[in-house]
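Numbering-wise, the working numbering comes out as the position in the sequence shown, counting from 1, plus 14. Structure first, commentary second.
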Amino acid sequence: MEPIIELKNVTKKFGGITALDSASLHVDKGEVVGLIGDNGAGKSTLIKTLVGVYKPDNGEIIIKGKKVNNWNTKKAREAKIETVFQDRALTPQQSIVWNIFMGKELRHPFGFIKVKEQIKEANKIIREIGFTSNLIDANSPVGNLSGGERQGVAIARAIYNDADLIILDEPTTALSLIETQKVFDFVNNVKAKGRSVLFIGHNIFHVFDISDRFIILDRGQVIHKLDKNDVKTPEELIKVMKDTVIGGKN
Ligand SMILES: Nc1ncnc2c1ncn2[C@@H]1O[C@H](COP(=O)(O)OP(=O)(O)OP(=O)(O)O)[C@@H](O)[C@H]1O
Ligand SMILES: [Mg+2]
Numbered sequence: 015m016e017p018i019i020e021l022k023n024v025t026k027k028f029g030g031i032t033a034l035d036s037a038s039l040h041v042d043k044g045e046v047v048g049l050i051g052d053n054g055a056g057k058s059t060l061i062k063t064l065v066g067v068y069k070p071d072n073g074e075i076i077i078k079g080k081k082v083n084n085w086n087t088k089k090a091r092e093a094k095i096e097t098v099f100q101d102r103a104l105t106p107q108q109s110i111v112w113n114i115f116m117g118k119e120l121r122h123p124f125g126f127i128k129v130k131e132q133i134k135e136a137n138k139i140i141r142e143i144g145f146t147s148n149l150i151d152a153n154s155p156v157g158n159l160s161g162g163e164r165q166g167v168a169i170a171r172a173i174y175n176d177a178d179l180i181i182l183d184e185p186t187t188a189l190s191l192i193e194t195q196k197v198f199d200f201v202n203n204v205k206a207k208g209r210s211v212l213f214i215g216h217n218i219f220h221v222f223d224i225s226d227r228f229i230i231l232d233r234g235q236v237i238h239k240l241d242k243n244d245v246k247t248p249e250e251l252i253k254v255m256k257d258t259v260i261g262g263k264n
């Protein structure tokens, strides 16, 4: 199978700090990949490079088999890669439908927003990803939703943009167990539709539960690529990290 995205020997330096050190990885269609590593390991730098926020100093970015040049955020969007950053993404005073369509509204030829169509589409997407409560629909204000449900709205927006790869940066860090489970349900539904997810997290138990595979970063280097046959429990994954991750600032 051809990966939908691939990084080959990507290096990114900030002054004297090597945030990414010849890192290589790929994500296949329909898989959930967990990206883990200590503080400062390079996780955020890796995803920001992948979505074109940072330009790598070296290495290749390959999208659906083609090496790309002058990679930037616009091209990443066009390649159907969407990132859900914690908190920053949503406007709580506005409704779910408003937040999903923000900046990409469906419009009539004279510019008026197709209100009914948008509501219909938003309801379809939120049901598809796993909003089950009758109390929540496209018109509900995002401010009334729980933390996990807000992540769901951000994921719904990525689905509306027809993302092939959704990158979730620490989506469960601030959430309770039940809310985390909601986010997992959303992610599993996204995966069931053949979309891919890159899941970044500090909590190994969370990352373990939701991921098919794991990539461990340490001081900018990919030090392990494991799948669930290699590590059968979160404890085993933690042990691998304890035994091999050096951590600390470089
Ligand atoms: N814009 C920047 N300018 C300078 N140094 C940076 C910048 N972004 C990251 N770094 C440095 O690069 C290294 C990797 O940082 P990065 O934020 O990618 O780590 P991380 O794995 O996301 O950490 P965390 O788990 O704390 O979010 C760190 O040493 C960090 O201080
Ligand atoms: Mg980070």
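Glycine included, every Cβ here is placed at the ideal spot set by N, Cα and C.
Query raised in the report: Taking any heavy atom of ligand 2 as the mark, which residues have a C-beta closer than 6 Å to it, listed down the chain?
Result: Going by the Cβ distance cut-off, the answer is K57, S58.
Query raised in the report: Using a threshold of 6 Å, is the CB atom of I31 nearer than that to any non-hydrogen atom of ligand 1?
Result: Under cutoff, so the answer is yes.
Requested in this report: Indicate whether at least one CB of chain B lies closer than 7 Å to the CB of R91.
Outcome: No chain B is part of this structure, which consists of one protein chain only.
Query raised in the report: Does any heavy atom of ligand 1 sit closer than 6 Å to the C-beta of N72?
Result: The answer is no for N72.
Query raised in the report: Leaving out the 5 sequence neighbours to the left and right, which residues in its chain are closer than 7 Å to K263 when beta-carbon positions are compared?
Result: Legend: pLDDT at K263 = 44, less than 50; position of this residue unreliable, no value from coordinates given.
Query raised in the report: D35 to K239, Cα distance in whole Å?
Result: If you take the alpha carbons of D35 and K239, they lie about 15 Å apart.
Query raised in the report: Quick one: Cα of K78 to Cα of F126, how far?
Result: Cα to Cα, K78 sits roughly 36 Å from F126.
Query raised in the report: Going along the chain, which unbroken runs of the alpha helix (DSSP H) with 4 or more residues stay wholly within the stretch 47 to 74?
Result: Taken in chain order, the complete alpha helix (DSSP H) segments of 4 or more residues contained in the stretch 47 to 74 are 57 to 64.
Query raised in the report: Does DSSP classify R349 as helix, strand or coil?
Result: With the chain represented from 15 up to 264, any question about residue 349 goes unanswered, as that position is not in the structure.
Report task. Using a threshold of 7 Å, state whether the C-beta atoms of I76 and I181 are closer than that. Result -> It is not a contact, given that the beta carbons lie outside the stated cut-off.
Query - Where R141 falls: helix, strand or coil (DSSP) - result: When secondary structure is reduced to three states using DSSP, R141 falls in the helix class.
Report task. On a CA-only basis, which of E16, V156, E131 is nearest S109? Give me that one, please. Result -> Out of E16, V156, E131, V156 has the C-alpha closest to the C-alpha of S109.
Query raised in the report: How is T247 classed by DSSP in three states: helix, strand or coil?
Result: The three-state reading of DSSP puts T247 in coil, since its state is none of H, G, I, E or B.
Query raised in the report: What number of angstroms, rounded off, separates the C-alpha of V47 from the C-alpha of L179?
Result: Roughly 11 Å separates the two Cα atoms.
Requested in this report: List the DSSP bridge partners of F228.
Outcome: Partner(s): G48, L240.
Query raised in the report: For N53, is the beta carbon positioned less than 6 Å from some heavy atom of ligand 1?
Result: The closest heavy atom of ligand 1 lies less than 6 Å from the beta carbon of N53.
Query raised in the report: Would the beta-carbon of F8 be found less than 6 Å away from any heavy atom of ligand 1?
Result: Lying before the first or after the last residue shown, residue 8 is absent from the chain, which here runs from 15 to 264.
**Report entry** According to DSSP, residues forming a beta bridge with V129
**Finding:** When DSSP reads this structure, V129 sits in no beta bridge, so it has no partner.
**Report entry** Where K263 falls: helix, strand or coil (DSSP)
**Finding:** Residue placement at K263 is flagged as unreliable, the pLDDT there being 44, under the threshold of 50; the coordinate-derived value follows with that caveat. Coil, per DSSP.
Query raised in the report: What beta strand (DSSP E) runs, 3 residues minimum, are completely inside the stretch 78 to 111?
Result: Within the stretch 78 to 111, the complete beta strand (DSSP E) runs of at least 3 residues are 95 to 99.
Query - Contact set for G208: own chain, Cβ-Cβ below 8 Å, skip 5 residues either direction - result: Excluding sequence positions up to five before and after G208, its CB lies within less than 8 Å of the CB of K43, G44, all in the same chain and listed in chain order.
Query raised in the report: Excluding five sequence neighbours on each side, which residues of the same chain lie with their C-beta closer than 8 Å to the C-beta of H122?
Result: Answer for H122: K128, listed in chain order.
Report task. Would you mind reading off the limits of the beta strand (DSSP E) that contains N202? Result -> N202 -> not in any beta strand (DSSP E); alpha helix (DSSP H) instead, spanning 191 to 206.
**Report entry** Whole-number beta carbon distance between Q132 and E119, since they are thought to touch under 8 Å
**Finding:** That belief holds up - the Cβ atoms of E119 and Q132 are roughly 7 Å apart, short of 8 Å.
Report task. Note down, in chain order, each residue of its chain lying with its Cβ closer than 6 Å to the Cβ of F219, except the 5 sequence neighbours on either side. Result -> Excluding residues within five positions, the ones whose Cβ falls inside 6 Å are P248.
Requested in this report: With I31 as the anchor, note down where its beta strand (DSSP E) starts and where it stops.
Outcome: Where I31 is concerned, the enclosing beta strand (DSSP E) stretches over 31 to 41.
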